[in-house]
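Notes to accompany the following structure.
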DNA sequence: TAATATCGTCTGCTAGACAGACGATCTGCC
DNA sequence: GGCAGATCGTCTGTCTAGCAGACGATATTA
């Protein structure tokens with residue numbers, strides 16, 4: 036805890052950005068350590084997760100979801116295809132686009148990774164009570180789901196329509 | 036919300052890492068947009084914040100707190116010193132080390148930035164109720180304050196002994 | 001059909017990160 | 001005191017990841 040400016044919280048300055056960065060850094064390090072059989076470490080894990088669970092229609096959507104460039108997505112997927120973890124399929128509805136689907140092996144690898152990552156996350160959040168971890172996850176997802184490249188125009192509208200099932204609200 | 040895999044939460048996979056990354060990405064973009072008068076955008080803001088509020092004794096500690104390399108810290112501080120925002124002072128207790136302190140102008144600039152960043156953060160978290168935002172901030176800081184290079188001396192042991200198995204089983 | 005936009009790929013280029021060496025300094029041990 | 005090793009900040013060189021731009025293929029619109 037030595038690098039944490041905890042004692043300085045007397046002022047009103049926010050540690051929000053620092054907390055996000057520190058937490059993501061540590062999460063990435065732990066996922067990297069657990070991602071031996073995946074190209075690109077943390078990013079590979081996130082890519083495979085997005086491929087399997089994201090239902091994203093194209094490489095461009097995949098790239099936007101992960102916040103990476105489309106040209107980077109090309110050689111990232113090359114590596115994954117070379118490992119036999121995903122496949123590019125031509126979208127019959129739009130023959131410019133490629134659908135990215137996981138192979139059976141990709142699903143296996145992801146399942147194994149998911150277990151290890153879940154353990155790593157629990158360890159990462161060991162300083163919080165289990166109930167607090169759940170609240171943090173929920174609030175993070177809610178906050179993050181309002182972001183994104185195309186979220187701006189109608190964000191307020193969409194979020195207003197979203198049911199306010201507050202998870203940890205007193 | 037098109038890039039958000041919200042509908043796929045039926046499974047047990049975690050969106051924790053994705054949420055962290057997406058939120059930090061959006062936060063960085065907004066802070067970058069607000070950091071016209073600061074070198075290095077978001078990172079410059081974080082550096083100045085750490086200088087002012089962190090009470091970190093050396094460049095190395097500063098670099099560790101921000102998760103950047105010590106050689107990068109050198110030219111980062113060069114830029115800030117060139118702008119008259121911070122000063123390097125020799126530590127009388129350890130003449131190898133340099134204390135980094137903000138100038139008056141640095142304090143002014145940071146204060147102005149803080150206000151803009153606070154507004155940007157509120158906007159970023161507009162999808163959450165005010166009480167939920169406070170909870171999220173608090174939990175994030177608590178979780179992040181347990182991380183860091185030297186926060187957990189046992190972690191190396193744990194990681195060394197872990198044979199890619201669930202570490203939560205005693 | 002023509003004009004324009006989008007998708008995925010490829011090609012250069014460049015900024016940035018990292019490893020390593022270096023002098024200066026501190027610490028611990030003999 | 002003197003020596004060995006560690007640490008701090010800096011500098012140098014290398015090297016990679018990311019980005020802008022162009023390109024063919026395809027979709028969309030007029």
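Residue numbers (our numbering), protein chains in the order written: chain U, 36 to 205; chain C, 36 to 205.
Built from N, CA and C at the ideal position, the CB exists for glycine as well.
CB of residue i within 9 Å of CB of residue j, strictly
i                     : j                     : result
residue 155 (chain U) : residue 53 (chain U)  : no
residue 69 (chain U)  : residue 152 (chain U) : yes
residue 167 (chain C) : residue 123 (chain C) : no
residue 89 (chain U)  : residue 119 (chain U) : no
residue 129 (chain U) : residue 48 (chain C)  : no
residue 181 (chain U) : residue 161 (chain C) : yes
residue 115 (chain C) : residue 74 (chain C)  : yes
residue 103 (chain U) : residue 91 (chain U)  : no
residue 172 (chain U) : residue 175 (chain C) : no
residue 133 (chain C) : residue 126 (chain C) : yes
residue 144 (chain C) : residue 72 (chain C)  : yes
residue 179 (chain C) : residue 58 (chain U)  : yes
residue 163 (chain U) : residue 105 (chain C) : no
Where the alpha helix (DSSP H) containing residue i begins and where it ends
i                     : result
residue 78 (chain C)  : 76 to 88
residue 65 (chain C)  : 51 to 69
residue 177 (chain U) : 165 to 179
residue 105 (chain U) : 105 to 117
residue 100 (chain C) : 94 to 101
CB-CB length for residue i against residue j, believed under 8 Å
i                     : j                     : result
residue 135 (chain U) : residue 97 (chain U)  : 6 Å
residue 83 (chain U)  : residue 137 (chain U) : 7 Å
residue 159 (chain C) : residue 65 (chain C)  : 6 Å
Delimiting residues of the beta strand (DSSP E) encompassing residue i
i                     : result
residue 137 (chain U) : 133 to 137
residue 123 (chain U) : 121 to 125
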